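One structure is given here, and the rest of the page talks about it.
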Amino acid sequence: MTNVRVGLIGLGVMGWRIAKNLREAGLLIGGVYNRTFDKALRFSREFGVEAFKTPSELAKASDVIITMLSDDEAVKNVIAGNDGVLSGLRPGSLVIDMSTISPSVSIELANTIKSRGGGEMVDAPVIGTSVAVERKEIVVLVGGSEEAFNRAKDVLQYTAKTIIHVGPNGFGLYAKLINNALLGSYVVALAEVVQLGKAFGLSDSIILDVLTKLSSARSPTSELKVPKMLSGGDYSVQFALKHMRKDLDIVNREASMRGVPIPMASLALQFYRMAEKMGLSEEDFAAVLKVLTKQ
Ligand SMILES: NC(=O)c1ccc[n+]([C@@H]2O[C@H](COP(=O)([O-])OP(=O)(O)OC[C@H]3O[C@@H](n4cnc5c(N)ncnc54)[C@H](OP(=O)(O)O)[C@@H]3O)[C@@H](O)[C@H]2O)c1
Numbered sequence: 013m014t015n016v017r018v019g020l021i022g023l024g025v026m027g028w029r030i031a032k033n034l035r036e037a038g039l040l041i042g043g044v045y046n047r048t049f050d051k052a053l054r055f056s057r058e059f060g061v062e063a064f065k066t067p068s069e070l071a072k073a074s075d076v077i078i079t080m081l082s083d084d085e086a087v088k089n090v091i092a093g094n095d096g097v098l099s100g101l102r103p104g105s106l107v108i109d110m111s112t113i114s115p116s117v118s119i120e121l122a123n124t125i126k127s128r129g130g131g132e133m134v135d136a137p138v139i140g141t142s143v144a145v146e147r148k149e150i151v152v153l154v155g156g157s158e159e160a161f162n163r164a165k166d167v168l169q170y171t172a173k174t175i176i177h178v179g180p181n182g183f184g185l186y187a188k189l190i191n192n193a194l195l196g197s198y199v200v201a202l203a204e205v206v207q208l209g210k211a212f213g214l215s216d217s218i219i220l221d222v223l224t225k226l227s228s229a230r231s232p233t234s235e236l237k238v239p240k241m242l243s244g245g246d247y248s249v250q251f252a253l254k255h256m257r258k259d260l261d262i263v264n265r266e267a268s269m270r271g272v273p274i275p276m277a278s279l280a281l282q283f284y285r286m287a288e289k290m291g292l293s294e295e296d297f298a299a300v301l302k303v304l305t306k307q
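For the sequence shown, the numbering used here puts the final residue at 307, and the numbers step up evenly by one.
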């Protein structure tokens, strides 16, 4: 394992922490790339790995390339754009895309990589936020061949607790999307009952206890998000609201294509859209509460 050179592209909230875990495990030898080069330089100085100027150069220096990027456009640009991963990919290389993107885009990129003889790609989206990455407790849902899954697992075990082979390309993302359809709707419901509890005159500590300790609907998400909602101002980002809106957009598109009714996730999407109109895109998605309070 130690002679596998891993490179990572996308040093955002999640990618930075994943790269740090892999560096500390001695794996991140291929180096890093980030669109905003300053961030790559900062990582390079802090952790002593090379910062590449293009995804293509990073791909030439890596056996396994991890991408952790915002959305469809970002992944398409980084893999198939000018000086993208594809132009530097060596035969036998593996691309592990950990971003949450449209399954159709991911499947198309995986087919392109295979047909050009460069290597293989798996979709490997993540359940768990930045805190879970720091604790190496994330869940990774992998779509791709059995062989590619095993290679991906050899690397991801240094930053994740649970790594599951869901099925062929795209299936890691399908599994991720049902999770985020639930999560997005659940956090809107949490915001609603936090406000209701306040209107009833319940104290913050009772609301907190009910929703995070006593309720049969308590969850790791209520533990993380209810304190943020009650503190009324701490929306420091764990998972950006713009990313939840993006995920619910994908969920709605995929469901529409299949004629599947998803009234809850469709309604939740409207809440996150309204929140974005209020300028909350970069805040944590728990800030969706402000749609109800007009803060
Ligand atoms: N944060 C979470 O809790 C969490 C949990 C599970 C899944 N996810 C998913 O994981 C992915 C990354 O999330 P994150 O929170 O790490 O996002 P983030 O902090 O917003 O980072 C996004 C990264 O993508 C890069 N990027 C954006 N647009 C680009 C483009 N057009 N070309 C090249 N690079 C581009 C950014 O580069 P710059 O630095 O130049 O902007 C940055 O490195 C998303 O798909 C998200 O839905 C996040």
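Note that the Cβ used here is the ideal one computed from N, Cα and C, for glycine as well. All values derive from a computational prediction rather than experimental measurement.
For residue i, which option in the options has the closest C-alpha, if you only look at C-alpha atoms?
{"i": "residue 240", "options": "193, 297, 281 and 273", "result": "297"}
{"i": "residue 252", "options": "140, 18 and 152", "result": "140"}
{"i": "residue 2", "options": "52, 283 and 16", "result": "The structure shown does not extend to residue 2, since the chain is modelled only from 13 to 307, so the question has no answer here."}
{"i": "residue 133", "options": "164, 67 and 114", "result": "164"}
{"i": "residue 136", "options": "299, 280 and 185", "result": "185"}
{"i": "residue 114", "options": "85, 106 and 225", "result": "85"}
{"i": "residue 168", "options": "148, 286, 87 and 101", "result": "148"}
{"i": "residue 46", "options": "275, 66, 38 and 104", "result": "66"}
{"i": "residue 257", "options": "274, 206 and 280", "result": "280"}
{"i": "residue 151", "options": "210, 215, 26 and 64", "result": "26"}
{"i": "residue 40", "options": "50, 48, 49 and 71", "result": "71"}
{"i": "residue 122", "options": "95, 155 and 143", "result": "155"}
{"i": "residue 237", "options": "203, 104, 68 and 89", "result": "203"}
{"i": "residue 172", "options": "31, 19 and 211", "result": "31"}
{"i": "residue 138", "options": "82, 127, 94 and 99", "result": "82"}
{"i": "residue 195", "options": "182, 116 and 234", "result": "234"}
{"i": "residue 288", "options": "18, 302 and 143", "result": "302"}
{"i": "residue 231", "options": "274, 249, 245 and 201", "result": "201"}
{"i": "residue 100", "options": "125, 24, 180 and 87", "result": "125"}
{"i": "residue 292", "options": "248, 242, 276 and 262", "result": "248"}
{"i": "residue 116", "options": "299, 88 and 20", "result": "88"}
{"i": "residue 131", "options": "37, 178, 255 and 108", "result": "108"}
{"i": "residue 38", "options": "90, 48, 16 and 54", "result": "16"}
In terms of residue numbering, what span does the beta strand (DSSP E) encompassing residue i cover?
{"i": "residue 109", "result": "105–109"}
{"i": "residue 146", "result": "First-last for residue 146: 142–146, but that is the alpha helix (DSSP H), not the beta strand (DSSP E)."}
{"i": "residue 45", "result": "43–45"}
{"i": "residue 77", "result": "76–79"}
{"i": "residue 18", "result": "18–21"}
How would you call residue i, buried or exposed, if buried means at least 16 neighbouring beta carbons within 10 angstroms?
{"i": "residue 189", "result": "buried"}
{"i": "residue 80", "result": "buried"}
{"i": "residue 35", "result": "buried"}
{"i": "residue 162", "result": "exposed"}
{"i": "residue 192", "result": "buried"}
{"i": "residue 174", "result": "exposed"}
{"i": "residue 74", "result": "buried"}
{"i": "residue 266", "result": "buried"}
{"i": "residue 112", "result": "buried"}
{"i": "residue 259", "result": "buried"}
{"i": "residue 57", "result": "exposed"}
{"i": "residue 294", "result": "exposed"}
{"i": "residue 12", "result": "This structure does not reach residue 12, given that the chain is present from 13 up to 307, and the question cannot be answered."}
{"i": "residue 224", "result": "buried"}
{"i": "residue 118", "result": "buried"}
{"i": "residue 211", "result": "exposed"}
{"i": "residue 229", "result": "exposed"}
Just reading off the alpha helix (DSSP H) that residue i is part of, what are its end residues?
{"i": "residue 34", "result": "25–36"}
{"i": "residue 69", "result": "67–72"}
{"i": "residue 58", "result": "49–59"}
{"i": "residue 39", "result": "Unbroken run through residue 39: none, as it is neither H nor E."}
{"i": "residue 188", "result": "183–212"}
{"i": "residue 86", "result": "84–92"}
{"i": "residue 219", "result": "216–221"}
{"i": "residue 305", "result": "301–305"}
{"i": "residue 96", "result": "It is not in any alpha helix (DSSP H) - residue 96 carries neither H nor E in the DSSP assignment."}
Following a CB-centred definition, is residue i positioned closer than 8 Å to any heavy atom of ligand 1?
{"i": "residue 81", "result": "yes"}
{"i": "residue 142", "result": "yes"}
{"i": "residue 85", "result": "yes"}
{"i": "residue 133", "result": "no"}
{"i": "residue 23", "result": "yes"}
{"i": "residue 252", "result": "yes"}
{"i": "residue 184", "result": "no"}
{"i": "residue 258", "result": "yes"}
{"i": "residue 286", "result": "no"}
{"i": "residue 264", "result": "no"}
{"i": "residue 112", "result": "yes"}
{"i": "residue 139", "result": "yes"}
{"i": "residue 48", "result": "yes"}
{"i": "residue 89", "result": "yes"}
{"i": "residue 155", "result": "no"}
> In chain order, which alpha helix (DSSP H) runs of at least 4 residues are fully inside the stretch 234–277?
Replying inline: For the alpha helix (DSSP H) assignment, the uninterrupted runs of no fewer than 4 residues enclosed by the stretch 234–277 are, from N- to C-terminal side, 253–270.
>> As an exercise, report each continuous beta strand (DSSP E) stretch of at least 3 residues that is fully enclosed by the stretch 122–176, in chain order.
In response: 131–135 and 150–155
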